[in-house]
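Participant: Mind looking over this structure? Questions follow.
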Amino acid sequence: MIDQYKHKQLQIGLVSPQQIKAWAKKILPNGEVVGEVTRPSTFHYKTDKPEKDGLFCERIFGPIKSGICACGNSRASVAENEDERFCQKCGVEFVDSRIRRYQMGYIKLACPVTHVWYLKGLPSYIANLLDKPLKKLEGLVYGDFSFARPCAKKPTFLRLRGLFEDEISSCNHSISPFFSTPGFATFRNREIATGAGAIREQLADLDLRIIIENSLVEWKELEEEGYSGDEWEDRKRRIRKVFLIRRMQLAKHFIQTNVEPEWMVLCLLPVLPPELRPIVYRSGDKVVTSDINELYKRVIRRNNNLAYLLKRSELAPADLVMCQEKLVQEAVDTLLDSGSRGQPTRDGHNKVYKSLSDVIEGKEGRFRETLLGKRVDYSGRSVIVVGPSLSLHQCGLPLEIAIKLFQLFVIRDLITKRATSNVRIAKRKIWEKEPIVWEILQEVMQGHPVLLNRAPTLHRLGIQAFQPTLVEGRTICLHPLVCKGFNADFDGDQMAVHLPLSLEAQAEARLLMFSHMNLLSPAIGDPICVPTQDMLIGLYVLTIGNRRGICANRYRYNSCGNSPNKKVNYNNNNYYKYTKDKEPLFSSSYDALGAYRQKRIRLNSPLWLRWKLDQRIVGSREVPIEVQYESFGTYHEIYAHYLVVGNRKKEIRSIYIRTTLGHISFYREIEEAIQGFSRA
């Protein structure tokens, strides 16, 4: 369907019998109405042509070949005269054969049939609206007992009240011998109701607004009673309150959508278009048919038998009629949901029939596999690996995927810049991987975001936008901090990449879907881009250092070493003797990094790094551990984590902090990130 904003969408819901008939009804020029499928046959065994009024009838569903009727006559599909649109002999409309993909038919059921989705679903909508146990409703639908009608103005044969659970055989022994089939039908129509017809009558008599009012009054009464102290009674009251809320919501939904409750009981059964349930002929006279066709055949046969018993046979016993109604109900249940009554229905080869529910639901169903899970243009898929050099909003695309995604944009720019004269030459340049292709690809990718999606997409963060960069190899590179939103890790997970084409889609990706704009969980508001696993281990190793201060290893450097876990002998007399030569001094972080590359220091080796004059250190009242004076009058005040160097005038010349190369690297990364954020 298409809404007022011209958005194509699919809506599933209840429809009226009139709407079902309108989907399939055709009026021929001679006034004949077609659309009802009355025969279970498909193709004629000699001519291989569809049988008239069958499951593949060309009058109902359209011609097999475009513009050619069942007689073999051909005519243009567009005709000015209404009579010329149909073949005068066979009644087939001269239209395109693609109409068989959406033209529907219908089966007129001889008795009402409940829709199994609304009867046996969880929750059962029929049971909720009628406020009756599901088990009793199932017994009523399948003829286990009957429902007595209210007393009418006409004299009644038998006074019954409510539901009675007498066996069908005992009921027949006491009542049916006195009536022929027409007489028993009259008795049933006046006095009792059984099967889905009884459910339909009760649903038709409902006033949804009264249901909402009564349910609200009862809920308020239960709310005022409060807790009684009896656990069992309180639990029953709590379950009843939940049921009343659900019933009010259901009735309100029916009112808002203008849906009548009795539509949950079928009088007309829609027949799918034949192209959605095909019959395929293979070599060797092998025929492969959809299971839906076999289930439709079963429904039509049983429905025709019931119609014959009701209209033509006058001597058939009443229990046979009721049994046939039950068979029709079971056939429709099997068509809609094969496993609704326990064991699924099987064919002659012990293979389970695939019902409409099986075709629609699940990972391999019509929606998830065919409509949602199919491959689309401008998309690709590959394994993800970690990209530690990437920014949070970047992803690395392999050259092979990038050139496929942006091929049309590259061709456009090649022609615009006069690098090629036509599309064919541009494609050849791309195939030969000329250098100009990669230059233009870089320019095209510069301001064009891509979308990364990891199935299953369970929440909003399952698909995010990134700025692509070209990488070598055949894997997609991803920043490790964004993995939590995707619920992904780097053990072989795959991701799909999609390219937004329109300017609106690109703007939406930039403003709403970029990864650096989705830092908080939309469900609970907690940060979602937090380091985990390998990142935490790396940060720990990077900043482990020596946390025990200068007293841990500034004495007896040769014996204690740089290990923070080695035991220090505090009873040694030389413990308070400081030798600054064992821990090197560096004037800048670049010198420290150079020493690390030359393997002069380790990642967690203590060192002294010259630091900018900090007023917090200058004005600190901390007492130094040791003060050393040199011959030229300079002095060194040694504290637990920093060193102050002054001259003979008591002026502070420089400050050195005691740190490790890991802390320096970590600080530089944070500083660059903050500066980049400030510039942005």
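The numbers in my numbering rise by one with no breaks, and the one at position 88 of the sequence shown is 172.
All C-beta atoms, glycine included, are put in the ideal place defined by N, C-alpha and C.
#1: How many angstroms separate the CA atom of L562 from the CA atom of D442?
#2: Could you pull the start and end residues of the alpha helix (DSSP H) that L626 belongs to?
#3: Would G730 and I736 be called neighbours here (beta carbons separated by less than 8 Å)?
#4: On a Cα-Cα basis, can you pick out the residue from A676, Q682, K696 and E359 that is closest to A690?
#5: Flag this pair as yes or no: are the beta carbons of H600 and L476 separated by less than 8 Å?
#6: Let's see if you can read the secondary structure: which residues bound the alpha helix (DSSP H) around N388?
#7: So what's P482 in DSSP terms, helix, strand or just coil?
#8: Which ranges would you report for the beta strand (DSSP E) in the segment 531-569 if only whole runs of at least 3 residues count?
#9: Determine the DSSP secondary structure at E120, reduced to helix, strand or coil.
#10: Classify S439: buried if its beta carbon has 16 or more other beta carbons within 10 angstroms, exposed otherwise.
#11: Quick check: the Cα distance between Y202 and V99, rounded to an integer number of angstroms?
#12: Using only alpha-carbon positions, find the residue among P358, Y392, T418 and Y726 that is nearest to V383.
#13: If you pair each beta-carbon of the segment 613-620 with each one of the segment 516-528, do three or more pairs fall below 8 Å?
#14: Is G717 buried or exposed, if buried means 16 or more other CB atoms sit within 10 Å of its CB?
#15: Spatial neighbours of P708 within its chain, please: C-beta separation below 8 Å, excluding the five flanking residues on both sides.
#16: Going straight from the alpha carbon of G115 to that of S208, what length do you get?
#17: Can you give me the start and stop residues for the alpha helix (DSSP H) that I104 sits inside?
#18: What does DSSP give as the partner residues of I363 in its beta bridges?
#19: So which of Q682, G119 and G609 has the shortest CA-CA distance to L353?
#20: Checking 8 Å against the spacing of the C-beta atoms, do I547 and L565 come in under that value?
#21: How long is the line joining the alpha carbons of A486 and A510, rounded to whole angstroms?
#22: Please specify which runs of the alpha helix (DSSP H), each continuous and at least 4 residues long, are wholly inside the segment 196-232, giving them in chain order.
#23: Quick check: is the beta carbon of K395 nearer than 8 Å to any beta carbon in chain B?
#24: List the residues that DSSP assigns as beta-bridge partners of K149.
#25: On the CB-based measure, 16 or more other CB atoms within 10 Å of its CB, does P611 come out buried or exposed?
#26: Tell me, which residues are paired with V80 by DSSP?
#27: Could I get the ranges of all uninterrupted alpha helix (DSSP H) runs contained in the segment 448-533, with 4 residues as the minimum, in chain order?
#28: For A572, which residues from the same chain have a beta carbon less than 6 Å from its beta carbon, with the 5 sequence-adjacent residues on both sides left out?
#29: Use the C-beta contact count for D497: other C-beta atoms within 10 angstroms, 16 or more gives buried, fewer gives exposed.
#30: Look at the alpha carbon of F338 and the alpha carbon of I468, and state the distance between them as a whole number of angstroms.
#31: Across which residues does DSSP place R694 in a beta bridge pair?
#32: When you compare the CB positions of R123 and E135, do they come within less than 8 Å of one another, or not?
#33: Give me the Cα-Cα distance between Q95 and V349, rounded to the nearest whole angstrom.
#34: Answer with buried or exposed for Y726, where buried requires no fewer than 16 other C-beta atoms within 10 angstroms of its C-beta.
#35: Less than 8 Å between the C-beta atoms of L221 and I323, yes or no?
#36: Can you give me the Cβ contacts of C567 inside the same chain, cut-off strictly under 7 Å, excluding the 5 residues immediately before and after it?
Facilitator: Reading from the atomic positions:
#1: 37 Å
#2: D618 to T627
#3: yes
#4: Here residue 690 is Pro; the residue named in the question, Ala, does not match the sequence. Of the listed residues, the one whose Cα sits closest to P690 is A676.
#5: yes
#6: D375 to K395
#7: strand
#8: 534-537, 547-555 and 560-562
#9: Under the three-state reduction of DSSP, E120 is assigned to strand.
#10: buried
#11: 13 Å
#12: The shortest C-alpha to C-alpha distance from V383 to any of P358, Y392, T418 and Y726 is the one to T418.
#13: no
#14: exposed
#15: E721, I722, Y723 and V728
#16: 43 Å
#17: P101 to A108
#18: T373
#19: Taking only the C-alpha atoms, the option nearest L353 is G119.
#20: no
#21: 16 Å
#22: For the segment 196-232, the continuous alpha helix (DSSP H) assignments of 4+ residues that do not extend past its boundaries occur at 200-204, 209-214 and 218-225, in sequence order.
#23: Absent here is chain B; the protein component of the structure consists of one chain.
#24: I152
#25: exposed
#26: Outside the displayed span of the chain (85 to 764) sits residue 80, for which this structure offers no information.
#27: Fully enclosed alpha helix (DSSP H) runs of 4 or longer: 483-489, 491-500, 507-516 and 519-530.
#28: R538
#29: buried
#30: 47 Å
#31: Y740
#32: Taking 8 Å as the cut-off, the beta carbon of R123 is found closer than this to the beta carbon of E135.
#33: Each residue's Cα considered, the two are about 20 Å apart.
#34: buried
#35: In this structure, I323 does not lie closer than 8 Å to L221 by Cβ.
#36: D573
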